[in-house]
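Student:
There are 2 protein chains.
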Amino acid sequence: MTATPADFEARLRQIGADQYHDKHPFHHLLHSGGCTPDQVRAWVINRFYYQASIPVKDAAFMSRVEDPALRRAWRSRIEDHDGTADNEGGIMRWLRLADAVGLDRDYVASKEGVLPATKFAVDAYVRFVRDKTLLEAVAASLTELFAPKIHAARIEGLLANYAFADDSSLSYFRNRLTEAPKDVAFGLAWVLDHADTDEKQDAAAAALVFKTNVLWAQLDAIHAAYVTPARIPPGGWQPGTHLRPGVK
Amino acid sequence: MTATPADFEARLRQIGADQYHDKHPFHHLLHSGGCTPDQVRAWVINRFYYQASIPVKDAAFMSRVEDPALRRAWRSRIEDHDGTADNEGGIMRWLRLADAVGLDRDYVASKEGVLPATKFAVDAYVRFVRDKTLLEAVAASLTELFAPKIHAARIEGLLANYAFADDSSLSYFRNRLTEAPKDVAFGLAWVLDHADTDEKQDAAAAALVFKTNVLWAQLDAIHAAYVTPARIPPGGWQPGTHLRPGVK
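For the protein sequence lines, the chains are A and B, in the order given. Under UniProt numbering, the residue at position 214 of the first sequence is numbered 214, and the numbers go up by one with no gaps. Under UniProt numbering, the residue at position 209 of the second sequence is numbered 209, and the numbers go up by one with no gaps.
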């Protein structure tokens, strides 16, 4: 028998409890103040690739939606990241963070030095949204269910432990505290409404697992490349390079 | 001025000299006998995902080729992996290796337990061949230029160091010693012939770099998950599980 919406929601939330990337050791290292400045920079460089790809992913989604109401509901996600007349947007806020940790922001914006494994994982997400059913695409976005908690912990941990952290450099995360719940309330209601068979519920749950894997693989890539024993793959950013003038 | 074919070939070969995955520490660990049985198994499980995807990649390539002669020249790659009436094919040979290292071959064939990072990297290659120019697709295949050396070293290293290694279990690699040079002679000539501007040479070289990243990321994923300090991501194969009856 197909699970009730409430039971299916519990199943989705359990995926986050089991394997959202707040369980990854790099998350703890970062938030506890255990990262060196270069490890924080590696995270900022690589995570930028994800930030910059999110509105591409959302445009790919909208390009497949025939219902104007759904496209209209989705559009604010692109605005949140790319910006509007009144809002610089998440991508620019992320580059503010890049500045604050001492990186050359043009270098970060160029996406050079991003680890190949980061690109493979993030690109897999964009393609997933382009190729799979709309239900799976929306379900994959539901990692936002678990994001406010991680953003709140991130703000607190970064503020407590790193000199670069202040209202300006962390504005990306503060904005996500209000943007993510708005997006996910819509996405969750849509998924619960549309996953009305066992098969669709299984597909939606698998999509959410896929997305947690995308996030986990990004932290794995940074951890393997930049945390002892560090093993930077060919093409990856070299610590100490591409810093703002005067930073060392 | 556009490089001569000979100079351009030298540029391509230098990419292999710089960053083919025979430089990766897992390669050395494996061939020197330093891998535990479970580390060898993790490699067999994950590398199977690559093997199984190669004919899909080649079919994606052929689906975009309008010249029957080029399709005909390419077709043997699919036969080499999927098999013919007279040839079991590379995928079956790889499953023979899975047997030999003590794994349940149905489990390996199911692709369960493959690391997400492996899937992201390999899928990126299939998509690359589907989306990029034919020149870039052929150029990406030129890692085969560097493969016979690694296969020969692999056969020698595995035979010297592991009880499971014999003619049957290593037949995949022996066959590649003759198949790869045939494929790559064609591919290299095609690329040298078609990369007749600076822009095309740069694109072909970038495609080969991309492909070395795909291979490197696969070994990075295995190394991070299964070599000390091992950190198996959610969904990854757990050592000691899915073995053939009687194996421990």
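Just so it is clear, CB atoms sit at the ideal spot from N, CA and C, and this is done for glycine as well.
Please name the residues in the stretch 61-74 of chain A whose beta-carbon is closer than 7 Å to at least one beta-carbon of chain B, in chain order.
Tutor: none
Student: Let me confirm a value: A17 (chain B) is counted as buried when at least 16 other C-beta atoms fall within 10 Å, else exposed. Which label applies?
Tutor: As a position in the second sequence, residue 17 (chain B) is number 17, starting the count at 1. The residue is exposed, with fewer than 16 neighbouring Cβ atoms inside 10 Å.
Student: With 7 Å set as the bound, which would you pick, yes or no: does the beta-carbon of A217 (chain A) sit closer than that to a beta-carbon of chain B?
Tutor: On the first sequence, position 217 is the one that residue 217 (chain A) refers to. It does; some Cβ of chain B falls within 7 Å.
Student: Roughly how many angstroms separate the alpha carbons of G90 (chain B) and A203 (chain B), rounded to a whole number?
Tutor: In the second sequence, the residue the question calls residue 90 (chain B) occupies position 90. In the second sequence, the residue the question calls residue 203 (chain B) occupies position 203. If I take the Cα positions, the gap works out to 30 Å.
Student: Comparing C-alpha positions only, which one of A:R41, A:R47, A:D80 sits nearest to L243 (chain A)?
Tutor: Within the first sequence, numbered from 1, the residue matching residue 243 (chain A) stands at position 243. L243 (chain A) has its Cα closest to that of A:R41, out of A:R41, A:R47, A:D80.
Student: Identify which residue in A:P148, A:P234, A:N87, A:G102 has its Cα closest to the Cα of V184 (chain A).
Tutor: Along the first sequence, one-based indexing puts residue 184 (chain A) at 184. When each option's Cα is compared against that of V184 (chain A), the closest is A:P148.
Student: Measuring CA to CA, which of A:M1, A:A207, A:S168 is closest to V101 (chain A)?
Tutor: By 1-based counting over the first sequence, the position of residue 101 (chain A) is 101. Ranking the options by Cα distance to V101 (chain A), first place goes to A:S168.
Student: Mind pulling the alpha helix (DSSP H) runs of 4 or more residues that sit fully within the stretch 74-125 of chain B?
Tutor: Uninterrupted alpha helix (DSSP H) stretches at least 4 residues long and entirely within the stretch 74-125 of chain B occur at 90-100, 105-110, given in chain order.
Student: Report the residue from B:G235, B:I150, B:G187 whose alpha carbon sits nearest the alpha carbon of A137 (chain B).
Tutor: What you label residue 137 (chain B) is simply residue 137 of the second sequence in a count that begins at 1. Here the closest residue by C-alpha is B:G187.
Student: Three-state secondary structure (DSSP) at L243 (chain A)?
Tutor: Here residue 243 (chain A) refers to the residue found at position 243 when the first sequence is read from its first residue. The answer is strand: DSSP assigns L243 (chain A) an E or B state.
Student: Look at the alpha carbon of D220 (chain B) and the alpha carbon of I150 (chain A), and state the distance between them as a whole number of angstroms.
Tutor: Here residue 220 (chain B) refers to the residue found at position 220 of the second sequence. Here residue 150 (chain A) refers to the residue found at position 150 of the first sequence. The alpha-carbon atoms of D220 (chain B) and I150 (chain A) are separated by roughly 27 Å.
Student: State the CB to CB distance for the pair I222 (chain B) and N87 (chain B), rounded to an integer number of angstroms; the pair is presumed to be in contact (CB under 8 Å).
Tutor: Counting from 1 along the second sequence, the entry for residue 222 (chain B) is found at position 222. Counting from 1 along the second sequence, the entry for residue 87 (chain B) is found at position 87. At roughly 28 Å, the Cβ-Cβ gap does not stay under 8 Å, so I222 (chain B) and N87 (chain B) are not in contact.
Student: Spatial neighbours of L215 (chain B) within its chain, please: C-beta separation below 6 Å, excluding the five flanking residues on both sides.
Tutor: Position 215 of the second sequence, counted from the start, is the residue given in the question as residue 215 (chain B). The answer, listed in chain order, is H21.
Student: So that I know if they touch, is there some Cβ in chain B lying closer than 7 Å to that of A121 (chain A)?
Tutor: Translated into positions along the first sequence, residue 121 (chain A) becomes position 121. Judged by the 7 Å Cβ criterion, A121 (chain A) is in contact with chain B.
Student: Can you give the Cα-Cα distance for Y226 (chain B) and R127 (chain B), rounded to whole angstroms?
Tutor: Position 226 of the second sequence, counting from 1, holds the residue named residue 226 (chain B). Position 127 of the second sequence, counting from 1, holds the residue named residue 127 (chain B). Approximately 27 Å between the Cα atoms of the pair.
Student: Just mark T178 (chain B) as buried or exposed, buried being the case when its beta carbon has 16 or more other beta carbons within 10 Å.
Tutor: Position 178 of the second sequence, counted from the start, is the residue given in the question as residue 178 (chain B). By the neighbour-count rule (16 or more Cβ atoms within 10 Å), T178 (chain B) is not buried but exposed.
Student: Note down the Cα distance separating L95 (chain A) from T84 (chain B), rounded to an integer number of angstroms.
Tutor: Position 95 of the first sequence, counted from the start, is the residue given in the question as residue 95 (chain A). Position 84 of the second sequence, counted from the start, is the residue given in the question as residue 84 (chain B). Cα to Cα, the separation comes out at about 54 Å.
Student: Could you tell me whether the Cβ atoms of A205 (chain A) and R11 (chain A) are closer together than 7 Å?
Tutor: If you number the first sequence from 1, residue 205 (chain A) lands on position 205. If you number the first sequence from 1, residue 11 (chain A) lands on position 11. Yes. Within cutoff.
Student: With DSSP as the reference, label W237 (chain A) as helix, strand or coil.
Tutor: Reading the first sequence from its first residue, position 237 is the one you call residue 237 (chain A). Coil at W237 (chain A), not helix or strand.
Student: Going by alpha carbons, who is nearest to D38 (chain B) out of B:A230, B:L192, B:D7?
Tutor: Within the second sequence, the letter at position 38 stands for residue 38 (chain B). When only C-alpha atoms are compared, the closest one is B:A230.
Student: For V247 (chain B), collect the residues of the same chain with a Cβ closer than 6 Å to its Cβ; drop the 5 residues on either side in sequence, then sort them by chain order.
Tutor: What you label residue 247 (chain B) is simply residue 247 of the second sequence in a count that begins at 1. Excluding its 5 nearest sequence neighbours in each direction, V247 (chain B) has C-beta neighbours in its own chain below 6 Å: G102, listed in chain order.
Student: Tell me, please, whether the CB atom of Q19 (chain A) is closer than 7 Å to any CB atom in chain B?
Tutor: Position 19 of the first sequence, counted from the start, is the residue given in the question as residue 19 (chain A). So yes, Q19 (chain A) belongs to the interface.
Student: Just to confirm, are Y49 (chain B) and K132 (chain B) a CB contact at a threshold of 7 Å?
Tutor: Within the second sequence, residue 49 (chain B) is the residue found at index 49, counting from 1. Within the second sequence, residue 132 (chain B) is the residue found at index 132, counting from 1. Cβ distance not < 7 Å, so Y49 (chain B) and K132 (chain B) don't count as in contact.
Student: Less than 7 Å between the beta carbons of A152 (chain A) and A217 (chain B), yes or no?
Tutor: For the purposes of this step, residue 152 (chain A) is identified with residue 152 of the first sequence, where counting begins at 1. For the purposes of this step, residue 217 (chain B) is identified with residue 217 of the second sequence, where counting begins at 1. No, the pair does not count as a contact, with Cβ atoms beyond the cut-off.
Student: Would you call the CB atoms of Q201 (chain A) and A195 (chain A) closer than 7 Å?
Tutor: If you number the first sequence from 1, residue 201 (chain A) lands on position 201. If you number the first sequence from 1, residue 195 (chain A) lands on position 195. Yes, these two residues count as a Cβ contact at 7 Å.
Student: Can you check which of these residues, A:S171, A:G113, A:A224, is closest to G236 (chain A) by C-alpha distance?
Tutor: Position 236 of the first sequence, counted from the start, is the residue given in the question as residue 236 (chain A). Considering only A:S171, A:G113, A:A224, the residue with the shortest C-alpha distance to G236 (chain A) is A:G113.
Student: What residues of chain A sit near N175 (chain B), judged by a beta carbon separation below 9 Å?
Tutor: In the second sequence, counting from the first residue as 1, residue 175 (chain B) sits at position 175. Per Cβ cutoff of 9 Å: no residues; N175 (chain B) is ~28 Å from chain A at best.
Student: By alpha-carbon positions, which one of B:R64, B:F120, B:L30, B:V56 ends up nearest to L134 (chain B)?
Tutor: The sequence position of residue 134 (chain B) within the second sequence is 134, counting from 1. When each option's Cα is compared against that of L134 (chain B), the closest is B:R64.
Student: Mind pulling the alpha helix (DSSP H) runs of 4 or more residues that sit fully within the stretch 136-211 of chain A?
Tutor: 147-161, 171-194
Student: Thinking C-alpha only, which one of A:I15, A:K211, A:A3 is nearest Y125 (chain A)?
Tutor: For this step, residue 125 (chain A) is matched to residue 125 along the first sequence. When only C-alpha atoms are compared, the closest one is A:K211.
Student: Find the nearest neighbour of C35 (chain A) within the set A:Q51, A:A60, A:G157, A:T2, judged by alpha-carbon distance.
Tutor: For the purposes of this step, residue 35 (chain A) is taken as the residue at position 35 of the first sequence. Of the candidates A:Q51, A:A60, A:G157, A:T2, the one whose C-alpha sits nearest the C-alpha of C35 (chain A) is A:G157.
Student: Determine, using beta carbons only, whether N213 (chain A) comes closer than 7 Å to chain B.
Tutor: Along the first sequence, one-based indexing puts residue 213 (chain A) at 213. Among the CB atoms of chain B, one or more fall inside 7 Å of the CB of N213 (chain A).
Student: Under the three-state reduction of DSSP, which class applies to V44 (chain A): helix, strand or coil?
Tutor: Position 44 of the first sequence, counted from the start, is the residue given in the question as residue 44 (chain A). Of the three classes helix, strand and coil, the one that applies to V44 (chain A) here is helix, per DSSP.
Student: At the 7 Å Cβ level, is A59 (chain B) part of the contact set with chain A, yes or no?
Tutor: Indexing the second sequence from 1 puts residue 59 (chain B) at position 59. False, the Cβ-Cβ gap to chain A never drops below 7 Å.
Student: Under 7 Å between the Cβ atoms of K182 (chain A) and V129 (chain A)?
Tutor: Taking the first sequence and counting its residues from 1, one reaches residue 182 (chain A) at position 182. Taking the first sequence and counting its residues from 1, one reaches residue 129 (chain A) at position 129. In this structure, V129 (chain A) does not lie closer than 7 Å to K182 (chain A) by Cβ.
Student: Put M1 (chain B) into one of helix, strand or coil per three-state DSSP.
Tutor: Taking the second sequence and counting its residues from 1, the one referred to as residue 1 (chain B) is at position 1. Coil at M1 (chain B), not helix or strand.
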